[in-house]
Amino acid sequence: MIDAARRLAGQTRLPTVLGLTDGLLNALTLASSSLLGTGSPATLSLAARVGCVALVTSAFTMFVADYAEQRAHLVRAAKELNLISRGHLATTRLGQLAAMRSTRAMAVAAVSSFVGAGLPLLLGVLIPGPSWIVILLAIAALSALGASLAHAFQGRKGRWALAMGCGAVAVTWIGDILHIT
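Written as structure tokens, this is what we have:
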């Protein structure tokens, strides 16, 4: 049971991290102009809209990237086995397994992205105060994600947290300049 959980965690690490990071960056990019520029408070509608945009873009990106990688592995394996048809393995059960794994990665990334984008905005709705608190929450969440990744991979927590926080600030600045919402 523990081995199965570790295997699943290893298979979903990339889509989870990608989804959370993508969602938080989407929230910062899409909502920063509204939250910083006009000082408009976060709303449930804004959280849902930004969350849905993050979900869709992350799902599409993750599926395409993961499935392309899975198919490339099958093509390489067919070449190493000297199979006549390059795409032969992709039409077998291995090809179906690749599509299923990519679909799982897509679902994990989509949910993670929705949570990453929607949660800081939803907290901004629930917590009274200035609208820029949402921006601070998202930046803090990205910094915490960086520190936890560093901890998991024996990296320097402060450096990872700082790098992720600086990236978040840069994306917020870009979103404010572009005035998307």
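If you're matching positions, the sequence shown starts at -2 in our numbering and goes up one per residue. Think of the CB as a built atom: it goes at the ideal place given N, C-alpha and C, for glycine as much as any other residue. Predicted model only: the values in this text are computed from it and were never measured.
- Approximately 4 Å separates the beta-carbon atoms of G172 and T26; this is inside 8 Å, confirming the contact.
- Between L86 and A75, the CB-CB gap stays under 8 Å.
- If the five residues before and after S140 are omitted, its C-beta is found closer than 8 Å to the C-beta atoms of A158, L159, M161, G162 and A165, all from its own chain and listed in chain order.
- The beta-carbon distance between A147 and G16, rounded to whole angstroms, is 19 Å. This is too long to meet the 8 Å contact definition.
- Cβ-Cβ separation between T100 and F60: approximately 7 Å, consistent with a contact (criterion under 8 Å).
- Across the structure, L22 and L78 are spaced so that their CA atoms are roughly 42 Å apart.
- One alpha carbon belongs to T89, the other to S55, and they sit about 28 Å apart.
- In the structure shown, N79 falls within a coil segment according to DSSP collapsed to helix, strand and coil.
- Going by beta carbons, V47 and L118 fall inside the 8 Å limit.
- Rounded to the nearest whole angstrom, the CA to CA distance from G152 to S145 is 9 Å.
- Nearest to Y64 by C-alpha distance, out of W129, G92 and S37, is G92.
- Taking a contact as a CB-CB distance under 8 Å, the pair A28 and L41 does not count as one, their CB atoms being some 13 Å apart.
- Looking from the CA of H176, the closest CA among Q8, L33, A62 and L11 belongs to L33.
- F111 and G20 have their alpha carbons spaced roughly 6 Å apart.
- In this structure, P12 lies away from G121, with their beta-carbon atoms at least 8 Å apart.
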